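Enquirer: Just passing along the structure, written as structure tokens.
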Amino acid sequence: MNLEQTDFYTQAILSMAALVGLTSFLMLGQGRLLRLIFVFAVQGFLLTLTTVLAAYSLNNPHLYISALLTLVLKVIFIPWMLRREVLLMNTHRDVQALANKTVVMLGGASLMVFSYYVLHPIVQTTSPVMLNALAVSLSVVLLGMLLMISHRQAVAHVVGFMSIENGLFFAAIVATKGMPMVVELGVAFDVLVAAVLFGIFFLHIRTSIDSLDVDLLNKLNEVDK
Amino acid sequence: MIAVYLVLLIPLAGIVFFALGGHRADRGKLNVRFNAICLLATIWLAVNVLNQGTILSDNKAFLIDPFNVYLIVLTAFVGLTTSIFSGPYMAHEKDLGKLTDNRLKLYYSMYQGFMLAMYLVLTTNNMGIMWVAMEGATLATVMLVSLYRTPESIEAAWKYFILCGVGIAQALFGTILLYYAAMQIGDGESSLLWSVLYENASKLNPEILEIAFVFMLVGYGTKIGLVPLHNWLPDAHSEGPTPMSAVLSGLLLNDALYAVVRNKMLVDGASHSHIAGYLMMGFGLLSFLVGALFLHRQKDIKRLFSYSSIEHMGMMTFAFGIGGPMATFAALLHMTVHSLTKSAIFVTVGHASQLAGTQSIDKIRGLIKTQPKVGWGLLIGTLAIAGFPPFGVFTSEFLVLLATMHSYPWLAPLLLLGIGIAFAGLFRHIQPMVYGDKPEGQQPVKANLWPVIIHLGLVLWLGLAIPEFLANWFSQATLLISGSTPL
Amino acid sequence: MNWLIAILQTSLFVVLAPLLAGWLKMCKCHLQNRKAPSLLQPYRDLLKLTHKQPVVSEQASWLFIAAPYLIFSATVLAASVVPLIAVNLPTSASADVIVMVGFFAFARFFLALAGLDIGTAFGGMGSSREMTISSLAEPAMLMAIFTLTMTASTTNLSGAIAHVLNEGLILRPSFVFALFALILVAIAETGRIPVDNPATHLELTMIHEAMILEYSGRHLALIEWASQLKLMLYGVLIANIFFPWGISETFGAKDLGYGLLAILGKLALLAIFLAIAETLVAKMRLFRVQEYLSFAYLLGLLGMLSHIILEASR
Chain A
1 MNLEQTDFYT
11 QAILSMAALV
21 GLTSFLMLGQ
31 GRLLRLIFVF
41 AVQGFLLTLT
51 TVLAAYSLNN
61 PHLYISALLT
71 LVLKVIFIPW
81 MLRREVLLMN
91 THRDVQALAN
101 KTVVMLGGAS
111 LMVFSYYVLH
121 PIVQTTSPVM
131 LNALAVSLSV
141 VLLGMLLMIS
151 HRQAVAHVVG
161 FMSIENGLFF
171 AAIVATKGMP
181 MVVELGVAFD
191 VLVAAVLFGI
201 FFLHIRTSID
211 SLDVDLLNKL
221 NEVDK
Chain B
226 MIAVYLVLLI
236 PLAGIVFFAL
246 GGHRADRGKL
256 NVRFNAICLL
266 ATIWLAVNVL
276 NQGTILSDNK
286 AFLIDPFNVY
296 LIVLTAFVGL
306 TTSIFSGPYM
316 AHEKDLGKLT
326 DNRLKLYYSM
336 YQGFMLAMYL
346 VLTTNNMGIM
356 WVAMEGATLA
366 TVMLVSLYRT
376 PESIEAAWKY
386 FILCGVGIAQ
396 ALFGTILLYY
406 AAMQIGDGES
416 SLLWSVLYEN
426 ASKLNPEILE
436 IAFVFMLVGY
446 GTKIGLVPLH
456 NWLPDAHSEG
466 PTPMSAVLSG
476 LLLNDALYAV
486 VRNKMLVDGA
496 SHSHIAGYLM
506 MGFGLLSFLV
516 GALFLHRQKD
526 IKRLFSYSSI
536 EHMGMMTFAF
546 GIGGPMATFA
556 ALLHMTVHSL
566 TKSAIFVTVG
576 HASQLAGTQS
586 IDKIRGLIKT
596 QPKVGWGLLI
606 GTLAIAGFPP
616 FGVFTSEFLV
626 LLATMHSYPW
636 LAPLLLLGIG
646 IAFAGLFRHI
656 QPMVYGDKPE
666 GQQPVKANLW
676 PVIIHLGLVL
686 WLGLAIPEFL
696 ANWFSQATLL
706 ISGSTPL
Chain C
713 MNWLIAILQT
723 SLFVVLAPLL
733 AGWLKMCKCH
743 LQNRKAPSLL
753 QPYRDLLKLT
763 HKQPVVSEQA
773 SWLFIAAPYL
783 IFSATVLAAS
793 VVPLIAVNLP
803 TSASADVIVM
813 VGFFAFARFF
823 LALAGLDIGT
833 AFGGMGSSRE
843 MTISSLAEPA
853 MLMAIFTLTM
863 TASTTNLSGA
873 IAHVLNEGLI
883 LRPSFVFALF
893 ALILVAIAET
903 GRIPVDNPAT
913 HLELTMIHEA
923 MILEYSGRHL
933 ALIEWASQLK
943 LMLYGVLIAN
953 IFFPWGISET
963 FGAKDLGYGL
973 LAILGKLALL
983 AIFLAIAETL
993 VAKMRLFRVQ
1003 EYLSFAYLLG
1013 LLGMLSHIIL
1023 EASR
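Residue numbers (this note's numbering), protein chains in the order written: chain A, 1 to 225; chain B, 226 to 712; chain C, 713 to 1026.
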């Protein structure tokens, strides 16, 4: 593929893919919760932009609805909720020492390579652009998981969880021009309910262990101590 | 066709009803009634399918074929019997002061929500909606796992939520890949419909479908409780209320497996490498063996039986993976009998732990001396799940073994070994609980054991003779899944 | 004629560098609600310093006195490689981007030596810090630059800029990464906040200032001038590589004039961004600088990877 020969839409989508991947890396290396949430909101905003771009270029009006849903849910509602939670718990000044930042970052880079490796068979049947879009979204999914593993705060886990959703959403928009409307609405509904449930959970965790550090959730074990 | 809508609308009405009126004193009975009506609707649906064969709704949103129709009836049946058990059980928990009125309201509302999600997974024709419903089932049950609000239950629920949520996200990625493959042979909103995909399976790109299947297996496999993605399962089962454990084990795991098998059918149609089968065999066998081994280490009675669930789900996954007609038939039968037996066991376990006031295996003693019904129920249930003849589990396990010996003889010893280990693991814990000395002051509790008797009776019946219509469905479903009939 | 323009361009660099520093200071003052000094204040400072008698320590060797001249001339040479108002000049054709990085390294080497030469504690401390930072910054910078040169298939800056210019507007993911990486490196290399604070002489935090603490008079003026030149150089690099529009490809007076106006506008804008960033961000601890620079390296690496994976032709 020569980038010079592709149309503007493809170039824009590729740049968006790169930026979305970048935000995932930024989140991975972020120790402060408020900044983490901010980067998450930025990622949501990039997704909204991508969706609008896709809706406009492919002339697919129902994607505008998806874009609106993304904007409301992932740029405004969820970040707002998480931010409120962090301020409430007074954890916004804590800088979380990541166990080993360099290893985590390198792990992230290798996950990206891994997702290209996994999806490489696809390239035979389709344009490389799609491979890139799918591989980037898969790596966003995997980086979200890595984020959840490397951070200990419940809020960070939720951000990781939601950024996994972001990766999936990106794949759906770019590779398949959006899922069927009914599925998309269903997924958005699930995300909304999950967000509300997370809010309820914060309350429960706070009242039960008086912290949002999930490392303290260690009562259930296979082996009795 | 109306029957399908009824099956979905009744639990939907149930959610709203219990959300608004869940504080009524007779809510337990009402819950039974909702489930009973739903069971009637599913039977009506089943009769329709029996007369007309596969039903595809006009807008192609719902598909009822021999594979899912019996699962729908099974879901409604287990839902009903568990609700019969849950009424007095939850009332007792409230009397003990573990629950408040509001939480019971939530419980009943979400019970119906869970049933709705289960029906939707089974009836829908759209792979995307199937995912949405599967995630919906997690969301509905996650608040129920943490119903007691103890630190342990909140931890279990958090684990359940995070692990299943992340896991099932993989399944969505698989679904997106599937849709992507489908778009290449003709796009439009209908390309995610299972019936359309199945017809055109041979045209789908095999490479993309194989990758998609890996993600599906990991995603839905988390819900099945396949090792190494099983961590949430024992926690959620042990910390949630017992009726929830019964429906989780009896229904949710089955439905997740159902979703995987639906996808496997597509992959098998597109590619001939049998990679999906091998993957399922590998994961299944691993779960089977790990589940069997972990049985020995358990200290909590509900964790014990949740590991038994992992073991049995592993065996079913393995059997579906083998893929021949006999193995598929055996797996279908095993889904049914396992779901019936396991929910019966959880009902008796619920009574036993209320009786002893704890879930710890070491503290539960002398069940037969205190309350013979519960003791015998637990003993017979355990016999059935361990694969003793003449129960249905024996029949299906025997068939799985036969199929294994036929196709992969070198795996049969592993299977036999696992069954042996599981048997030993169950009985070393069950024997003292049932026969041991009765602790001072242990009193019988009010228990309704009809669900147990009916379930175990059915399992016994299925072990002795499979009714003709059911055998018909099984063989039709086998034909659909494996391409040939076992009979 | 071409050589004349090349010399003109280089002298423009030298002349305009203090102006950029003044403009930056002015922006910052306005942002921080302070009264700004005149735009020409850096010139006055330099002039004042040249009139003063340089005081040199008795322990200083010849190196201490030679260093400012070496540093200044190396920086000017580096500047001659970078296209400011026009591409395809003879100076830029004779040396490429690696030579430019080499000039920087050369200047830094002598600066560090001069810092060590007198043997005061601050000088040595500053030198060791400077070397630590630059050893981390240089790979990141080269990584970012290589991304560009791979796209243009040349390490010649002028050629690369001409390539970007001829292609027209193409969105390249790798350029986005490289841009961010280069900005981060530029901030570290020119000693701006959050890596170093040019306006402080607080002993614990200073890096650049620690090395030149012993300089005075015209020596100090040369070093100050060189560091202003370096800031401008990085600014021009960022502005002309990523947003090359406006730079002149011919040597007509009109085009050159437009090129000058364009680069002045771009630099002014860039300085405003830098001023805003410096106002908003606090200086970070020295031990976090390596994290910052490894992030810059990661960005450069990602840029390179996305060039190879996303853009290279198959």
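All C-beta atoms in this analysis are idealised placements derived from N, C-alpha and C, irrespective of residue type, glycine included. Computed from a predicted structure; not experimentally measured.
Can you tell which of B/L402, B/F543, B/I393 and B/L510 has the C-alpha that lies nearest to the C-alpha of B/V486?
Expert: Here residue 486 of chain B refers to the residue found at position 261 when the second sequence is read from its first residue. With distances taken between Cα atoms, B/V486 lies closest to B/F543.
Enquirer: When you check each C-beta in the segment 365-380 of chain B against every C-beta of chain A, which residues fall closer than 8 Å?
Expert: Against chain A - using a Cβ distance shorter than 8 Å - the residues of the segment 365-380 of chain B are V367, M368, S371, R374, T375, P376, E377, I379 and E380.
Enquirer: My parser needs the alpha helix (DSSP H) runs of 4 or more residues fully inside the segment 606-669 of chain B; what are they?
Expert: Fully enclosed alpha helix (DSSP H) runs of 4 or longer: 617-632 and 637-660.
Enquirer: In whole angstroms, what separates the C-alpha of A/G144 from that of A/F161?
Expert: On the first sequence, residue 144 of chain A is found 144 positions in, with the first residue counted as 1. On the first sequence, residue 161 of chain A is found 161 positions in, with the first residue counted as 1. Approximately 6 Å, taken between the alpha carbons.
Enquirer: Could you check where the alpha helix (DSSP H) with B/W457 kicks off and where it finishes?
Expert: The residue given as residue 457 of chain B occupies position 232 in the second sequence. Run containing B/W457: W457 to E464, per the alpha helix (DSSP H) assignment.
Enquirer: By the 10 Å Cβ neighbour count, where 16 or more other Cβ atoms means buried, how is A/T259 classified, buried or exposed?
Expert: The requested residue 259 of chain A does not occur in the structure, where chain A is confined to residues 1 to 225.
Enquirer: Could you check how far apart the C-beta atoms of B/L454 and B/G392 are, in whole angstroms? I think they sit under 8 Å.
Expert: As a working note, residue 454 of chain B is residue 229 in the second sequence. As a working note, residue 392 of chain B is residue 167 in the second sequence. Contact holds; Cβ gap of about 6 Å.
Enquirer: Using a Cβ-Cβ cutoff of 7 Å, what residues of the segment 441-459 of chain B are near chain A? List them in chain order.
Expert: Per Cβ criterion, the list is empty.
Enquirer: Can you check which of these residues, A/G167, A/P128, A/E85 and A/H204, is closest to A/L47 by C-alpha distance?
Expert: In the first sequence, counting from the first residue as 1, residue 47 of chain A sits at position 47. If we check each option's Cα against that of A/L47, A/G167 comes out closest.
Enquirer: Would A/L134 pass as a contact of A/V174 if the rule is Cβ separation under 9 Å?
Expert: Within the first sequence, residue 134 of chain A is the residue found at index 134, counting from 1. Within the first sequence, residue 174 of chain A is the residue found at index 174, counting from 1. The answer is yes: Cβ separation under 9 Å.
Enquirer: May I ask you to list the residues that DSSP assigns as paired with B/S194?
Expert: Not covered by the structure: residue 194 of chain B. The range shown for chain B is 226 to 712.
Enquirer: Taking all protein chains shown into account, decide if B/V574 is buried (16 or more other Cβ within 10 angstroms of its Cβ) or exposed.
Expert: Taking the first residue of the second sequence as 1, we reach residue 574 of chain B at position 349. Buried, by the Cβ-count rule.
Enquirer: Within the chosen definition, does the segment 871-887 of chain C reach the segment 919-936 of chain C through at least 3 CB pairs nearer than 8 Å?
Expert: Output reads no: the segment 919-936 of chain C does not touch the segment 871-887 of chain C.
Enquirer: Measuring only between beta-carbons, confirm whether A/E85 sits less than 9 Å from chain B.
Expert: As a first step, residue 85 of chain A must be located in the first sequence, where it is residue number 85. With 9 Å as the cut-off, A/E85 does not count as an interface residue toward chain B.
Enquirer: Against chain B, with Cβ distances strictly below 9 Å, would A/V193 count as a contact?
Expert: Here residue 193 of chain A corresponds to residue number 193 of the first sequence, with the count starting at 1. Answer yes: the Cβ-Cβ gap between A/V193 and chain B drops below 9 Å somewhere.
Enquirer: Tell me, please, whether the CB atom of C/V813 is closer than 9 Å to any CB atom in chain A?
Expert: Locating residue 813 of chain C in the third sequence gives position 101, counting from the first residue. Taking Cβ atoms only, chain A never reaches closer than 9 Å to C/V813, which makes this a no.
Enquirer: Going by CA-CA distance only, name the one from C/Q771, C/L720, C/P851 and C/S769 that's closest to C/A890.
Expert: As a first step, residue 890 of chain C must be located in the third sequence, where it is residue number 178. Nearest of C/Q771, C/L720, C/P851 and C/S769 to C/A890, Cα basis: C/P851.
Enquirer: Of all Cβ atoms in chain C, is any one closer than 9 Å to the Cβ of A/M226?
Expert: With chain A covering 1 to 225 only, the question about residue 226 of chain A has no answer from this structure.
Enquirer: For a test of the three-state rule: what should DSSP assign to B/N697, helix, strand or coil?
Expert: Here residue 697 of chain B is taken as the residue at index 472 of the second sequence, counted from 1. If DSSP states are grouped into helix, strand and coil, B/N697 belongs with the helices.
Enquirer: Taking 9 Å as the threshold (C-beta atoms), are A/L14 and A/V129 in contact?
Expert: As a first step, residue 129 of chain A must be located in the first sequence, where it is residue number 129. As a first step, residue 14 of chain A must be located in the first sequence, where it is residue number 14. Yes, they are a contact pair.
Enquirer: Less than 9 Å between the beta carbons of B/G546 and B/G502, yes or no?
Expert: Looking up residue 546 of chain B in the second sequence gives position 321. Looking up residue 502 of chain B in the second sequence gives position 277. Cβ atoms of B/G546 and B/G502: closer than 9 Å.
Enquirer: Between A/T50, A/T10 and A/D215, which lies nearest to B/E380 when the distance is taken from Cα to Cα?
Expert: Translated into the one-based positions of the second sequence, residue 380 of chain B becomes position 155. When each option's Cα is compared against that of B/E380, the closest is A/D215.
Enquirer: Determine the contact status of A/G44 and A/I65, defining contact as a CB-CB distance below 9 Å.
Expert: By 1-based counting over the first sequence, the position of residue 44 of chain A is 44. By 1-based counting over the first sequence, the position of residue 65 of chain A is 65. Cβ atoms of A/G44 and A/I65: not closer than 9 Å.
Enquirer: How close, in whole Å, do the beta carbons of A/L22 and C/L724 come, if the pair is a contact with beta carbons under 8 Å?
Expert: If you number the first sequence from 1, residue 22 of chain A lands on position 22. If you number the third sequence from 1, residue 724 of chain C lands on position 12. That belief does not hold up - the Cβ atoms of A/L22 and C/L724 are roughly 36 Å apart, past 8 Å.
Enquirer: Is B/A266 close to chain A? Criterion is C-beta to C-beta, closer than 9 Å.
Expert: If you number the second sequence from 1, residue 266 of chain B lands on position 41. It does not; no Cβ of chain A falls within 9 Å.
Enquirer: Do C/E842 and the ligand SAM come close, with the Cβ less than 8 Å from some heavy atom?
Expert: For the structure depicted, the ligand SAM is absent and the ligand set is empty, with no information on it obtainable.
Enquirer: Going by DSSP in three states, B/I280 sits in which element: helix, strand or coil?
Expert: Within the second sequence, numbered from 1, the residue matching residue 280 of chain B stands at position 55. In the structure shown, B/I280 sits in a strand (DSSP, three-state: E or B).
Enquirer: Determine, for A/Y64, whether the minimum Cβ-Cβ distance to residues of chain C falls below 9 Å.
Expert: As a first step, residue 64 of chain A must be located in the first sequence, where it is residue number 64. Answer no: the Cβ-Cβ gap between A/Y64 and chain C never drops below 9 Å.
Enquirer: Measure the Cβ-Cβ separation of C/A790 and C/A824 and say whether it is below 9 Å.
Expert: For the purposes of this step, residue 790 of chain C is taken as the residue at position 78 of the third sequence. For the purposes of this step, residue 824 of chain C is taken as the residue at position 112 of the third sequence. It is not a contact, given that the beta carbons lie outside the stated cut-off.
Enquirer: C/R747: buried (16+ other C-beta within 10 angstroms of its C-beta) or exposed?
Expert: For the purposes of this step, residue 747 of chain C is taken as residue 35 along the third sequence, with counting starting at 1. The amino acid occupying residue 747 of chain C in the given sequence is Lys; Arg does not appear at that position. Exposed.
Enquirer: Go ahead and pull the three-state DSSP assignment for A/D213.
Expert: Translated into positions along the first sequence, residue 213 of chain A becomes position 213. In the structure shown, A/D213 sits in a strand (DSSP, three-state: E or B).
Enquirer: Where does A/V196 sit, in a helix, a strand or coil, going by DSSP?
Expert: Counting from 1 along the first sequence, the entry for residue 196 of chain A is found at position 196. Note: A/V196 maps to helix in three-state DSSP.
Enquirer: Under 8 Å by Cβ, that's how I've got B/L458 and B/S531 pegged, so tell me the actual separation to the nearest angstrom.
Expert: Looking up residue 458 of chain B in the second sequence gives position 233. Looking up residue 531 of chain B in the second sequence gives position 306. Indeed they touch by this definition, with Cβ atoms about 5 Å apart.
Enquirer: Leaving out five residues on either side along the sequence, give the residues of the same chain with a beta carbon under 8 Å from the beta carbon of C/S769.
Expert: Taking the first residue of the third sequence as 1, we reach residue 769 of chain C at position 57. These residues qualify, in order along the chain: F776, I830 and E926.
Enquirer: Hey, B/Y405 and B/G494: beta-carbon distance below 9 Å or not?
Expert: Looking up residue 405 of chain B in the second sequence gives position 180. Looking up residue 494 of chain B in the second sequence gives position 269. Contact: no.
Enquirer: Exposed or buried, which one is B/E665 when buried takes at least 16 other CB atoms within 10 Å?
Expert: The residue you call residue 665 of chain B lines up with position 440 of the second sequence. Classification for B/E665: exposed.
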